[in-house]
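Enquirer:
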Amino acid sequence: MQTNVEEDDALPQRILCERCGSILYEGMGLNLPYEIVRRYNGKCPECGRKLFSDPINVEVKKIEQSVSV
Ligand SMILES: [Zn+2]
Numbered sequence: 359m360q361t362n363v364e365e366d367d368a369l370p371q372r373i374l375c376e377r378c379g380s381i382l383y384e385g386m387g388l389n390l391p392y393e394i395v396r397r398y399n400g401k402c403p404e405c406g407r408k409l410f411s412d413p414i415n416v417e418v419k420k421i422e423q424s425v426s427v
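Numbering (the numbering used here), first residue to last: 359 to 427.
Shown next as structure tokens:
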């Protein structure tokens, strides 16, 4: 059986705390991980865990579009 996943960009994003599993962000659209980190001062509001060890290293890749001639 095959699973066809189309429209990847339409998937909602969800960022969870690694420790307690609280939902820190859930929604559609592109949210940069470090924006979430900044929003919570780098810590989970529930358990106080550091959200990402090094958010600066998170790379945002540009979507390569196939060029049609
Ligand atoms: Zn937490």
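Note that CB positions come from ideal geometry on N, CA and C, so glycine has one too. Since the structure is predicted, the reported quantities are computational estimates derived from the model, not experimental observations.
1. If you draw a straight line from the alpha carbon of CYS375 to that of ILE394, how long is it in whole angstroms?
2. With distance defined between alpha-carbon atoms, name the residue in GLN371, GLY379, MET386 nearest to LYS408.
3. Listed in chain order, which residues are found with a beta carbon closer than 6 Å to a heavy atom of ligand 1?
4. For GLU404, which residues in the same chain have their Cβ closer than 7 Å to its Cβ, ignoring the five residues on either side in sequence?
5. Roughly how many angstroms separate the alpha carbons of ASN399 and GLN423, rounded to a whole number?
Expert: Checking against the coordinates, here is how it stands:
1. 11 Å
2. GLY379
3. CYS375, ARG377, CYS378, SER380, CYS402, GLU404, CYS405, ARG407
4. Excluding positions up to five away in sequence, the list reads CYS375, CYS378, SER380.
5. 35 Å
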